[in-house]
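The letter at position 33 of the sequence shown is residue 21 when you use my numbering, and the numbering goes up by one with no holes.
C-beta atoms are modelled at their ideal positions from N, C-alpha and C, and glycine is treated no differently.
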Amino acid sequence: MLDALVIAPHPDDAELGMGGSIARMLAEGLAVGVLDLTDGEPTPYGSPQRRRAETLAASQALGLAWRENLGLPNRSLLPTLEARAELAGVIRRVRPRWLFAPYWHDAHPDHTAATELTEAARFWAKLTKTDLPGQPHYPERIWYYLCVHLRVLPPPAFIVDISDYWPRKQAALECYASQFIEGRPAGEPTVIDRLREQAGTLGWAIGTRYGEAFYSRETVGLSSWRGLR
């Protein structure tokens, strides 16, 4: 069903890490879905109801037609066997070619737990002779997007040009007013300002205006020279 399933620890992480790439994939005709693992609450200015409304608005800004929430606990997300089975069941249902998960080094325990959970669920999703729903399925690759709480920018495996899609990414991020706008000190750079600067640096690295970084634990292969910059 899906070409790409983006697995996000919290609503807004998919937009933070790869909102421009999601918009680009959709524009290129790929089927993309986002699975938020938790509702992201509590936060200082949010609530479960408000976060649901913000997530719906952000999804519409990007043009997403498929988004679900696994309902796992925020702030105490763990790669348990029960969570692994739930995520594997979703993978078997939507059968993505690629999985996207947070970059594996982060200060936020929910983020690193989400990555470990994604890797384990990918393996479980291919198992036979199991009580998991659906038919076995093994996504070809896991790609990792950057939404870290550490002030680092590791060398990427590749960078996607999102120059034409930055406005849609920004519009999606602005939907999360409870997270990125309210309560911020006046006159200081916002989270969105910092992301624009980061995207500009990544774009500079490949000769474009804006870019998003992706990572891989395995070697990246090319089937054509035409995509190189």
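- Using a Cβ-Cβ distance cut-off of 8 Å, the segment 9 to 17 and the segment 147 to 163 are in contact, since at least three pairs of beta carbons, one from each stretch, lie closer than that value.
- Using a 10 angstroms sphere on the CB of W112, the tally of other CB atoms reaches 16 or more, which defines it as buried.
- Here the C-alpha atom of I194 lies approximately 46 Å from the C-alpha atom of K117.
- For R80, same chain residues with a beta-carbon under 8 Å away, outside a window of 5 residues either side, are A113, L120, P121, G122, Q123, P124, H125 in chain order.
- Taking 8 Å as the cut-off, the beta carbon of D0 is found no closer than this to the beta carbon of G21.
- Less than 8 Å separates the beta-carbon of L58 from that of L75.
- Here A145 carries a coil assignment [DSSP, helix/strand/coil].
- Rounded to the nearest whole angstrom, the C-alpha separation of P84 and A(-4) is 15 Å.
- With fewer than 16 neighbouring CB atoms inside 10 Å of its own CB, M(-11) falls in the exposed class.
- In the DSSP assignment, D24 is bridged to A(-4), N57.
- Annotation for W86: the continuous beta strand (DSSP E) segment containing it runs 86 to 90.
- A check of alpha carbon separations from L105 across L60, V140, E128 identifies L60 as the nearest.
- Just measuring C-alpha positions, the residue of F146, T43, E162, W213 sitting nearest G191 is F146.
- Annotated three-state conformation of A71 is helix, per DSSP.
- Looking from the CA of E107, the closest CA among W54, H137, N62, L66 belongs to L66.
- Going by DSSP, R129 is part of the beta strand (DSSP E) stretching over 129 to 133.
- Remark: C-beta atoms of L138 and D94 approach each other more closely than 8 Å.
- A distance below 6 Å between beta-carbons, with the five flanking residues on each side excluded, links R55 to the following residues of its chain, in chain order: V22, S47.
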